[in-house]
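Please read the structure below before turning to the comments.
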Amino acid sequence: MTETTDLWVDRFPGLSRLKAPIKDLLVSRSTIIEVPKNTMMFGPGKSPENMLFLLDGTVRVQQVSETGHEIVLYRINAGQSCVLTTACLLAYDDYSAEGITETMVQAAAVPRSVFDDLVSQSKDFRDFVFAAFSKRITDLFLMIDEVAFQRLDVRLADKLIALSDGKDDIATTHQKLSVELGTAREVVSRQLQEFQRRGWIEQARGKVSLRNRVELEKLANHNT
27 MTETTDLWVD RFPGLSRLKA PIKDLLVSRS TIIEVPKNTM MFGPGKSPEN MLFLLDGTVR
87 VQQVSETGHE IVLYRINAGQ SCVLTTACLL AYDDYSAEGI TETMVQAAAV PRSVFDDLVS
147 QSKDFRDFVF AAFSKRITDL FLMIDEVAFQ RLDVRLADKL IALSDGKDDI ATTHQKLSVE
207 LGTAREVVSR QLQEFQRRGW IEQARGKVSL RNRVELEKLA NHNT
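Residue numbers (my numbering): 27 to 250.
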């Protein structure tokens, strides 16, 4: 097995179980690309030419309506493939959402022709593709359930806890939070003001500071 194979194919559990010839094919036919932060990797109306396997960084996949309203669908992290790209490759369709790099990103790009051949010829590769696809579809249904049926205050508390990553200060804005939650900025602003009134957070320009994580966690867990 080549050194290059060890560098990226074995980072993906599903790919690491492939037979050596298939792994070597993926490596030999792939191109390692680097994309700067805050760059659109793909967008509506564009057709994917490669299957993307993320090696480093994070890509935010979001839907933008005709009126400019945005909602984050999911994020692609290192060690994951892009299931929207998978869907477009399988359906020979264009992207319906956009992927924005949140950090510097490194990815392995496998040409469409190689993807098509492996899907048709390799059961293990096909299993990897559809397992990742199925998991992301499940995640999207959960997101739809949250947007449609869960209270905004609960979702906002949960999002603040998640974005804090164990720290007290979150670098974000009301607009960014509204995109994360799929609602209007004014609605998020009102709820943040209520959290601040309760003494749970403090707000500054471009920053939200958690002051009572316990109460936020209680709300996020539907215990208040």
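C-beta atoms are modelled at their ideal positions from N, C-alpha and C, and glycine is treated no differently. Everything numeric in this text was worked out from a predicted model, so none of it was measured.
{"Query": "Span of the alpha helix (DSSP H), counted from its first residue to its last, around E60", "Result": "Unbroken run through E60 is the beta strand (DSSP E), T57 to V61; no alpha helix (DSSP H)."}
{"Query": "Residue range of the alpha helix (DSSP H) that includes F141", "Result": "R138 to Q147"}
{"Query": "DSSP state of K202 mapped onto helix, strand, coil", "Result": "helix"}
{"Query": "Which of helix, strand or coil DSSP assigns to S279", "Result": "The question about residue 279 has no answer, for the chain in this structure spans 27 to 250."}
{"Query": "Rounded C-alpha distance that separates V91 from I97", "Result": "Reading off the sequence shown, one finds Ser at residue 91, where the question assumed Val. Their Cα atoms are separated by approximately 9 Å."}
{"Query": "Proximity to L39 [Cα-Cα], best of I163, K233, F151 and L189", "Result": "Sequence inspection shows Pro at residue 39; the Leu mentioned does not correspond to that position. It is F151."}
{"Query": "Proximity winner among Q222, S160, D82 and R223, relative to A133 (alpha-carbon distances)", "Result": "D82"}
{"Query": "Stretch pair the region 33-53 + the region 61-70: three plus CB contacts closer than 8 Å", "Result": "no"}
{"Query": "Alpha-carbon to alpha-carbon, K202 and G232", "Result": "10 Å"}
{"Query": "L33 beta carbon less than 8 Å from that of L41", "Result": "no"}
{"Query": "Distance, Q222 Cα to D165 Cα", "Result": "31 Å"}
{"Query": "Inter-residue spacing [alpha-carbon to alpha-carbon] between E157 and A210", "Result": "The identity of residue 157 in the sequence shown is Ala, whereas the question assumes Glu. Rounded to the nearest angstrom, the two C-alpha atoms are 34 Å apart."}
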